[in-house]
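Everything below concerns the one structure shown next.
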Amino acid sequence: MTVSELAQECGFDVLAMPEPDRVVKGAYIGDLLSWVMGRASEGNAWITIMTNVNTLAVASLSDCSCVILSEGVELSEDLVETAMAKMVNVLSTKLPSYETALAISGKIDE
Numbered sequence: 001m002t003v004s005e006l007a008q009e010c011g012f013d014v015l016a017m018p019e020p021d022r023v024v025k026g027a028y029i030g031d032l033l034s035w036v037m038g039r040a041s042e043g044n045a046w047i048t049i050m051t052n053v054n055t056l057a058v059a060s061l062s063d064c065s066c067v068i069l070s071e072g073v074e075l076s077e078d079l080v081e082t083a084m085a086k087m088v089n090v091l092s093t094k095l096p097s098y099e100t101a102l103a104i105s106g107k108i109d110e
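Here it is, written out as structure tokens:
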């Protein structure tokens, strides 16, 4: 499933989508950036509440297919522009992280 399809099927808000056709291969939940950097896999949808420039850097370094901001967290306009420049897809949902993971479970090709 692509990031674009995932956003549509789960009703996530699109904050930045420079690569809508990226394939989501799994998911990872975490808010400690150094922990995520060493454990998230290529193609993961990364679920977090962290919204700073380092979050986008970790998503890029880990080659995540997208970042899903849970709990209704949003990005500033500056970070939306940075996400577009770094080619990082960013989605948002009001759901807590656990419920976000449940929403995408079974929809992604792992």
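By the UniProt record's numbering, the letter at position 28 of the sequence shown is numbered 28, and the numbering carries on one by one without gaps.
Glycine included, C-beta positions come from ideal geometry on N, C-alpha and C.
Item: For residue 138, the first and last residue of its enclosing beta strand (DSSP E); Value: It is not possible to answer for residue 138, since the shown part of the chain is limited to 1 through 110.
Item: Residue from 101, 34, 21, 95 with nearest C-alpha to residue 61; Value: 34
Item: Delimiting residues of the alpha helix (DSSP H) encompassing residue 54; Value: 53-62
Item: Limits of the unbroken beta strand (DSSP E) element including residue 92; Value: 90-92
Item: Whole-angstrom C-beta distance between residue 90 and residue 16, which should lie under 8 Å; Value: 4 Å
Item: Run of the alpha helix (DSSP H) containing residue 69, from where it starts to where it stops; Value: Counting along the chain, residue 69 falls outside any alpha helix (DSSP H), though it belongs to the beta strand (DSSP E) covering 66-69.
Item: Three or more C-beta pairs below 8 Å linking the stretch 9-27 and the stretch 90-105; Value: yes
Item: Three-state secondary structure assigned by DSSP to residue 26; Value: strand
Item: Delimiting residues of the alpha helix (DSSP H) encompassing residue 100; Value: 97-104
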